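Order-wise, the sequence lines are chains A and B.
Here numbering that gives the first Met the number 0 is used: position 349 in the first sequence is 348, and no number is missing along the way.
Here numbering that gives the first Met the number 0 is used: position 302 in the second sequence is 301, and no number is missing along the way.
Heads up: the structure comes next, in structure tokens.
Number of protein chains: 2
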Amino acid sequence: MENLNAFVPGPRCEVAGTPKGPLAKLRFAVKDLIDVAGWPTGGGSPDWARAHPIPDTDAWVVARLLAAGASIIGKTETDEVSLGILGENPFTGTPLNPAAPNRVPGGSSSGSASVVAAGLCDFALGTDTGGSVRVPASFCGLYGIRPTHGRLDFSGICAQAPSSDTVGWMARDARTFARVGTVLFAEPTPTALPKTLLIATDAFAFADPGVTTALAPLVDRLTDLVGHHRETTLAPQGLSVWKDAQRTLQSSEALKTFAPWLDRFNPRLQYSVARNLALAASIGEADRTRAALMREEARARLRFLLPPGTILCLPTTPFPAPLRGQSVSELAFPRERITCLACVGGLTGSPQVNLPGATVDGAPVGLSIIGPRGSDSQLLAVAKAFG
Amino acid sequence: MENLNAFVPGPRCEVAGTPKGPLAKLRFAVKDLIDVAGWPTGGGSPDWARAHPIPDTDAWVVARLLAAGASIIGKTETDEVSLGILGENPFTGTPLNPAAPNRVPGGSSSGSASVVAAGLCDFALGTDTGGSVRVPASFCGLYGIRPTHGRLDFSGICAQAPSSDTVGWMARDARTFARVGTVLFAEPTPTALPKTLLIATDAFAFADPGVTTALAPLVDRLTDLVGHHRETTLAPQGLSVWKDAQRTLQSSEALKTFAPWLDRFNPRLQYSVARNLALAASIGEADRTRAALMREEARARLRFLLPPGTILCLPTTPFPAPLRGQSVSELAFPRERITCLACVGGLTGSPQVNLPGATVDGAPVGLSIIGPRGSDSQLLAVAKAFG
């Protein structure tokens with residue numbers, strides 16, 4: 000299955016977990032932006048590893064999983080230094096989307112989604128700043144979580160935009176998906192479910208009509224599980240306005256993060272990635288302030304909408320995965336539309352889980368649930384009941 | 000000598016010229032932006048050749064040289080699609096500067112300069128839009144010519160900025176250098192030399208003091224050859240103002256040239272190259288108009304300064320080649336300073352020849368002569384008398 004283009008080439012990074020533990024016998028893959036002691040962190044770029052020493056310590060999340068008995072089977076490819084949402088990487092090759100082979104896998108945790116969807120391991124770690132776990136989970140038909148921002152220790156992971164960076168994971172089945180959470184969140188998956196489901200009508204209207212239709216049975220199942228449901232507007236200011244705020248903040252922080260590397264190593268990047276970094280330099284302080292205020296408004300909106308025991312659902316992506324090999328301009332607008340839905344997690348810091356189970360034209364598309372900050376395990380409980 | 004990093008790797012492009020002809024027995028190399036029938040044109044980029052069919056026709060200049068009896072020994076590396084002045088290419092490796100091995104070779108005709116300076120052939124073809132023959136000739140200690148714009152047919156050559164693009168060549172010795180011109184310009188090298196030499200005091204003052212000192216004996220030799228000499232100001236508006244105009248026009252045209260490729264192929268580029276292309280998109284029409292008017296002023300200035308029989312001299316570069324491996328920010332200002340001198344050729348379309356023979360800190364630096372449009376052969380005559 001090496002022709003997935005999903006594993007980092009060369010000697011395979013394999014590390015056995017401690018023999019006993021709550022995750023014993025589970026096998027997982029690690030996105031190549033996350034440190035595993037003794038293995039180079041390649042970052043999906045030919046010029047990242049030479050700029051960074053081989054780590055001598057596992058990332059916190061890796062250490063925690065190994066200590067719980069899970070074993071690493073390999074490191075997985077990613078969009079260049081996490082800067083992408085589609086998974087197309089001309090340096091490493093674009094990983095296969097096993098659920099829709101003529102389509103992109105989604106990114107930036109592209110290789111992790113690919114190997115899990117292909118059944119090569121039980122779960123895989125990814126990072127999610129602006130959608131990098133949720134989008135490939137939606138496109139490849141997997142459970143995927145972006146935890147509450149700041150809840151899981153990010154040490155030993157390549158940063159992009161610290162005010163939005165999170166580490167999450169993907170799995171094929173809901174029970175395994177939830178089991179990983181009991182270890183990382185260090186709490187059992189609750190048995191009680193939320194009592195109220197909000198349906199974000201603006202987000203459903205924003206998705207392609209076929210997606211809304213395909214997701215309707217999943218929304219019904221959620222409604223049955225939760226009981227009470229109500230329609231609401233998620234973003235009164237507009238999803239595109241929230242997206243602009245997230246883009247402004249994320250791009251500015253990403254440029255700040257990568258500027259020393261860009262300057263010292265003048266790295267090779269695909270044009271679209273380099274262009275976004277170059278254009279971020281012209282974002283002004285006034286724009287950043289405006290964006291930061293809109294972020295406060297988005298957070299306030301979610302606090303208002305989501306008291307304890309309430310969750311909200313929306314389409315994870317407005318359409319299934321785009322076809323592979325399209326031009327930069329063909330993909331420009333789809334990319335923006337994806338971000339209009341995916342921005343909510345990065346902007347508000349709320350936990351978000353992708354639930355698989357729907358397809359459009361034979362390609363997966365996921366339903367997301369968002370809960371109040373800190374409700375990660377409750378979202379996993381919903382996924383478990385749903386799966 | 001493959002460790003020059005100067006030849007395109009893989010099977011060597013070798014083509015024998017017609018057995019008899021004015022250039023019989025001369026061997027030359029071809030910058031990999033210039034078509035040789037049956038060989039891919041790689042353009043110094045991993046993503047250029049796949050976007051362009053293997054040419055079935057020689058570029059005009061190649062056909063002309065082969066017909067005159069010269070033989071091709073190989074194709075040479077270049078900055079990515081000609082977008083560079085220093086010769087550093089992370090995809091192909093940076094060619095060796097045989098005259099100063101710890102320094103860059105200059106670009107974008109980097110490989111051509113490298114193989115000629117190493118003595119592997121008699122001359123080599125390059126292209127020069129903003130300095131791409133003259134700068135490596137200066138840095139590697141070679142004769143090099145940027146012909147009058149429009150004088151030599153550019154067909155079969157990868158364009159960058161059509162209003163400045165030219166094809167030229169480099170050689171170690173002045174006689175060979177001039178012989179190539181008799182074929183390409185289809186006229187004998189005149190025996191009579193220009194009668195007046197102008198010394199561009201603003202350009203000499205702009206160069207490092209050590210360069211001006213090192214070039215003084217060359218200026219004296221030129222003065223002896225030509226007879227009458229006079230000091231003058233080349234750019235009353237300022238060399239940096241001329242540079243801005245050339246940068247505005249050249250960048251805008253380059254983006255227009257490469258936009259379809261960038262869009263369709265999203266190619267891999269080093270960050271500095273991609274950034275310049277991305278930022279060119281924000282150049283406005285009013286800036287282009289202003290730059291075009293300044294170009295008219297620069298052309299008017301050269302028409303005024305250079306009646307027939309008059310040539311002008313200036314340092315080709317303000318310093319010898321920078322050290323290899325510097326950061327983007329360390330090289331930013333040196334790059335701009337080089338362009339302040341090199342812009343004159345691209346902006347005015349006048350022919351310019353680099354004369355070698357001086358060194359600073361052991362590294363070559365060249366003296367340029369510029370003549371009126373169409374005086375190419377007269378400049379070659381000066382080089383021949385000088386050499």
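For every residue, glycine included, the Cβ atom is placed at its ideal position computed from N, Cα and C.
Just so you know, these numbers come straight off a predicted model, no measurement behind them.
Residue i versus the options, residue with shortest Cα-Cα distance
| i | options | result |
| --- | --- | --- |
| ARG336 (chain B) | B:THR347, B:SER349 and B:PRO319 | B:PRO319 |
| ILE369 (chain B) | B:VAL14, B:LEU151, B:ARG300 and B:ASN88 | B:ARG300 |
| ASP121 (chain A) | A:ILE282, A:THR77, A:GLY68 and A:ARG323 | A:GLY68 |
| SER239 (chain A) | A:LEU346, A:VAL364, A:LEU25 and A:ALA382 | A:LEU346 |
| SER251 (chain A) | A:ALA279, A:THR232 and A:LEU22 | A:ALA279 |
| ASN88 (chain A) | B:SER328, B:PHE264 and B:ARG334 | B:PHE264 |
| PRO363 (chain A) | A:ASN2, A:LEU261 and A:ASN96 | A:ASN96 |
| ALA215 (chain A) | A:GLY42, A:ALA58, A:ASP164 and A:VAL359 | A:VAL359 |
| ARG133 (chain A) | A:PRO306, A:ILE33 and A:GLY105 | A:GLY105 |
| GLN325 (chain B) | A:TRP47, A:ALA206, A:GLY386 and A:LEU261 | A:LEU261 |
| ARG11 (chain A) | A:ILE282, A:ALA117 and A:GLU76 | A:GLU76 |
| PHE332 (chain B) | B:LYS242, B:GLN351 and B:PRO259 | B:LYS242 |
| ARG334 (chain A) | A:TRP47, A:LEU3 and A:SER107 | A:SER107 |
| PRO94 (chain B) | B:LEU379, B:ARG323, B:GLY209 and B:SER367 | B:ARG323 |
| PRO21 (chain A) | A:GLY209, A:ALA66 and A:PRO45 | A:ALA66 |
| LEU379 (chain B) | B:ARG145, B:ALA258, B:TRP47 and B:ASP46 | B:ARG145 |
| THR118 (chain B) | B:LYS19, B:GLY344, B:CYS312 and B:ARG26 | Thr is not the amino acid found at residue 118 (chain B); the sequence shown has Gly there. Selected option, being the one with the closest Cα: B:ARG26. |
Distance, residue j Cα to residue i Cα
| i | j | result |
| --- | --- | --- |
| VAL60 (chain B) | ILE84 (chain B) | 23 Å |
| LEU221 (chain B) | ILE310 (chain B) | 10 Å |
| MET0 (chain A) | VAL182 (chain A) | Summary for MET0 (chain A): the model assigns pLDDT 49, below 50, so the residue's position carries little reliability; its value from the coordinates is reported in the next sentence. Each residue's alpha carbon lies about 29 Å from the other. |
| LEU340 (chain B) | ALA99 (chain B) | 21 Å |
| GLU202 (chain A) | PRO235 (chain A) | Checking the displayed sequence, the identity of residue 202 (chain A) turns out to be Ala instead of Glu. Going by the C-alpha atoms only, they are around 11 Å apart. |
| LEU192 (chain A) | ARG174 (chain A) | 15 Å |
| ASN353 (chain A) | ARG178 (chain A) | 16 Å |
| THR17 (chain B) | GLN377 (chain B) | 28 Å |
| GLY9 (chain B) | GLY73 (chain B) | 10 Å |
| LEU224 (chain B) | VAL381 (chain B) | 8 Å |
| ALA297 (chain B) | LEU330 (chain A) | 43 Å |
| MET293 (chain B) | GLY361 (chain A) | 59 Å |
| LEU217 (chain B) | ARG246 (chain B) | 30 Å |
| GLY180 (chain A) | SER328 (chain A) | 39 Å |
| GLY125 (chain A) | SER349 (chain A) | 17 Å |
| THR232 (chain A) | ASP152 (chain A) | 32 Å |
| PRO189 (chain B) | ASP375 (chain B) | 10 Å |
| GLY373 (chain A) | ARG150 (chain A) | 7 Å |
| SER163 (chain B) | ALA290 (chain B) | 13 Å |
| LEU197 (chain A) | ASP286 (chain B) | 52 Å |
| ALA204 (chain A) | ALA213 (chain A) | 13 Å |
| GLY397 (chain A) | ALA50 (chain A) | Nothing in the structure corresponds to residue 397 (chain A), since chain A is present only between 0 and 386. |
| LYS24 (chain A) | ILE71 (chain A) | 11 Å |
Residue i and residue j closer than 9 Å at C-beta
| i | j | result |
| --- | --- | --- |
| PRO321 (chain A) | ARG102 (chain A) | yes |
| GLY365 (chain B) | GLY140 (chain B) | yes |
| ASP78 (chain A) | SER113 (chain A) | no |
| ALA28 (chain A) | ASP55 (chain A) | no |
| PRO161 (chain A) | THR256 (chain A) | yes |
| GLY43 (chain A) | PHE90 (chain A) | yes |
| THR338 (chain B) | CYS157 (chain B) | no |
| GLU230 (chain A) | THR200 (chain A) | yes |
| VAL166 (chain B) | ASP219 (chain B) | no |
| PHE138 (chain A) | GLY86 (chain A) | yes |
| LEU248 (chain B) | GLY110 (chain B) | no |
Whole-angstrom C-beta distance between residue j and residue i, which should lie under 8 Å
| i | j | result |
| --- | --- | --- |
| ALA170 (chain B) | PHE176 (chain B) | 4 Å |
| TYR270 (chain A) | ALA15 (chain B) | Actually they are not in contact, since the Cβ atoms of TYR270 (chain A) and ALA15 (chain B) sit about 39 Å apart, beyond 8 Å. |
| ALA277 (chain A) | ALA277 (chain B) | 4 Å |
| ASP31 (chain A) | ALA58 (chain A) | Contact flag wrong, Cβ pair sits at about 12 Å. |
| ALA206 (chain A) | PRO317 (chain A) | 4 Å |
| PRO307 (chain A) | PRO371 (chain A) | 6 Å |
| ARG267 (chain A) | PRO52 (chain A) | The pair is not a contact, with the Cβ atoms about 20 Å apart (cut-off 8 Å). |
Which whole runs of the alpha helix (DSSP H) in the stretch 305 to 346 of chain B are 4 residues long or more, in chain order?
-> none
Which whole runs of the alpha helix (DSSP H) in the stretch 22 to 90 of chain B are 4 residues long or more, in chain order?
-> 59 to 66
Sequence ranges, alpha helix (DSSP H) only - wholly within the stretch 106 to 188 of chain A, length at least 4 = 109 to 116, 133 to 139 and 173 to 183
Please list the segments of the alpha helix (DSSP H) lying wholly inside the stretch 255 to 314 of chain B, counting only runs of 4 or more residues, in order along the chain.
-> 270 to 279 and 284 to 304
Could you tell me which uninterrupted beta strand (DSSP E) segments, each at least 3 residues in length, are contained entirely in the stretch 209 to 260 of chain A, listed from first to last along the chain?
-> 227 to 231
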